[in-house]
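Asks:
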Ligand code: GLU
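Numbering (the working numbering), first residue to last: -18 to 464.
#1: How big is the Cα-Cα spacing for residue 99 and residue 93?
#2: Identify the residues that DSSP records as bridge partners of residue 136: which are they?
#3: Going straight from the alpha carbon of residue 417 to that of residue 408, what length do you get?
#4: Taking a contact to mean a Cβ-Cβ separation below 8 Å, would you say residue 477 touches residue 425 in this structure?
#5: Going straight from the alpha carbon of residue 62 to that of residue -1, what length do you get?
#6: Going by the beta-carbon positions, is the gap between residue 251 and residue 308 smaller than 8 Å?
#7: Which of the three DSSP states is assigned to residue 81 in this structure?
#8: I need the boundaries of the alpha helix (DSSP H) containing residue 328, first residue and last residue.
#9: With a threshold of 7 Å (Cβ to nearest heavy atom), would residue -9 be considered close to the ligand ZN?
#10: Can you give the Cα-Cα distance for residue 117 and residue 60, rounded to whole angstroms?
#11: How would you label residue 322, buried or exposed, when you count the other beta carbons within 10 angstroms and need 16 or more for buried?
#12: CB-CB under 6 Å to residue 129, same chain, minus the five flanking residues each way: which ones, in chain order?
#13: Can you check whether the C-beta of residue 223 is within less than 8 Å of a C-beta belonging to chain B?
#14: Give the secondary structure of residue 306 by DSSP, where H, G and I count as helix, E and B as strand, and everything else as coil.
#15: Are residue 19 and residue 55 closer than 8 Å when you measure CB to CB?
#16: What does DSSP give as the partner residues of residue 218 in its beta bridges?
#17: Is residue 24 buried or exposed, if buried means 16 or more other CB atoms sit within 10 Å of its CB?
#18: Considering only residues of the same chain and omitting the five flanking positions on each side of residue 435, which have a CB-CB separation below 8 Å?
#19: Over what stretch of residues does the beta strand (DSSP E) that includes residue -12 continue unbroken?
#20: Name the DSSP bridge partner or partners of residue 17?
#21: Under 8 Å, with one C-beta from each stretch per pair, do the region 388 to 398 and the region 365 to 376 reach the 3-pair mark?
#22: Would the beta-carbon of residue 189 be found less than 7 Å away from any heavy atom of the ligand GLU?
#23: Decide yes or no for the touch test of the region 133 to 142 against the region 281 to 288: beta carbon pairs closer than 8 Å, at least 3 of them.
#24: What runs of the alpha helix (DSSP H), each 4 residues or longer, lie entirely inside the region 27 to 92?
#25: Should residue 3 and residue 11 be called a contact, given that it needs their Cβ atoms to be closer than 8 Å?
#26: Need the endpoints of the alpha helix (DSSP H) that residue 157 sits in, please.
#27: Round the Cβ separation of residue 355 and residue 384 to the nearest angstrom and send it over; I've been treating them as touching at under 8 Å.
#28: Run the CB neighbour count on residue 193, radius 10 Å, all protein chains shown included, and call it buried at 16 or more, exposed below.
#29: Using 8 Å as the threshold, is the region 257 to 266 in touch with the region 230 to 248, meaning 3 or more CB pairs across them?
#30: Would the beta-carbon of residue 195 be found less than 7 Å away from any heavy atom of the ligand GLU?
#31: Can you tell me which of the three DSSP states residue 123 falls into?
#32: From residue 190 to residue 43, what does the alpha carbon distance come to, in whole angstroms?
#33: Buried or exposed: residue 233, going by 16 or more other Cβ atoms within 10 Å of its Cβ?
#34: I'd like the list of long-range same chain contacts for residue 146, defined as Cβ closer than 6 Å, with 5 residues on each side in sequence excluded.
#35: If you measure between the beta carbons of residue 47 and residue 277, is that distance less than 8 Å?
#36: Taking the alpha carbon of residue 451 as the reference point, which residue from 364, 350, 66 has its own alpha carbon closest?
Okay, structure coming up:
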């Protein structure tokens, strides 16, 4: 049996992180098994479905590297198939029209509430006589189509994540609506729990892998498979994604869609990697940092946890930094340059290329997100110093001007300034002026960078020197020191 799985998002919003994680698990399983991964757009909710959400979902899946082998299939294009299946159930006597009005259903719920009973449909129109039906129709009532659910049934399946799951027929809420209200004699729009079964069976889905929030639907769907004489697929219900408080991750947690994460500066590799870890743990000797290809090789449902998966920002950030640190500088610079340019830094992409590569090497080890490069390079973005008060105050102390003057003289006299020369000079100044090395270093940092903290001083100095910015800055700082 060849494995066929699917992701079936509803285009009623942007690609949600929960859906994306489900897609990751489906994709990993399909690739592990040499199976087929199918994309189905569940757009039956025509009021809330929008083409731009479909677009967002597809581009998000592609961005994450979750390529699909078949589809997209759209449910709105398959309505005839669903209606024919509803008709089949009607013909078999397994479904029937229910003429209850909203008011009647509401009154029924109120009565159940008053008796402290769980709300359910009491199957009151299950056994109407032909005369009763005719009477309702004569009143002009419309009808939904309900599928008969046997309260005595116990539904059981072996979930690939949760093990044996049992659901009582009596807990399914009574005979279920499978098609919306429509004029008597016609079949209204078929509903989610029904069309999923038709689609999964028509598309020969072997494993239904989806979020745990669908677990209550599975009981109903198994009954539908049986009623239609179709093969019941295997099910895997993946754990929910929880926030730090242990509640379902929601809009209140700031980011919910894949596009939100992208906008925040996360790489697709890190996000896909992280979603792989939301519920699955890779076997030894794999570490938590992996590519999707590596994960596909090792993936199995045995290592999927049934407890909810807590969203851990630190881990995502760590993964993102790992991904960025591994990008070759020649590639990374192409991503950093537009950000640096947008920040107004005096960099020329053409003539400064070797210099920009060195700068990339300097900032790379401290990048968590790509946009951090703006801050990391801020002190090197302009020829002129942007002197901070603390740095200026430091330079105005006793030896500030003397140190800067000595440095300036040495740098100006040198043809090509090297780290070795710089170190020798620092030693010399310490001796000549009788000051501690720390004071010389801080003065240098203040004079070259205009701040008392920042990236590696020697590397920064060499970068400034290559552009002649060190001399300019030291002159500027000297004036401050003397003021
Ligand atoms: N359309 C459903 C959703 O977006 C998925 C249904 C399923 O996977 O069976 O939650």
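All residues carry an ideal CB built from backbone N, CA and C; glycine is no exception. Computed from a predicted structure; not experimentally measured.
Replies: A quick look at the data gives this:
#1: 7 Å
#2: 148
#3: 10 Å
#4: The structure shown does not extend to residue 477, since the chain is modelled only from -18 through 464, so no value can be given for it.
#5: 29 Å
#6: no
#7: coil
#8: Looking at the DSSP string, residue 328 is not in any alpha helix (DSSP H), and its letter there is neither H nor E.
#9: For the structure depicted, the ligand ZN is absent and the ligand set comprises only the ligand GLU.
#10: 27 Å
#11: exposed
#12: 75, 156
#13: The displayed structure is made up of one protein chain only, and chain B is not part of it.
#14: helix
#15: no
#16: 191
#17: buried
#18: 360, 426, 441
#19: -15 to -12
#20: -15
#21: no
#22: yes
#23: yes
#24: 32 to 44, 60 to 72
#25: no
#26: Residue 157 -> not in any alpha helix (DSSP H); beta strand (DSSP E) instead, spanning 157 to 164.
#27: Incorrect: roughly 30 Å between the Cβ atoms, too far for contact.
#28: buried
#29: no
#30: yes
#31: strand
#32: 19 Å
#33: exposed
#34: 138, 140
#35: no
#36: 364
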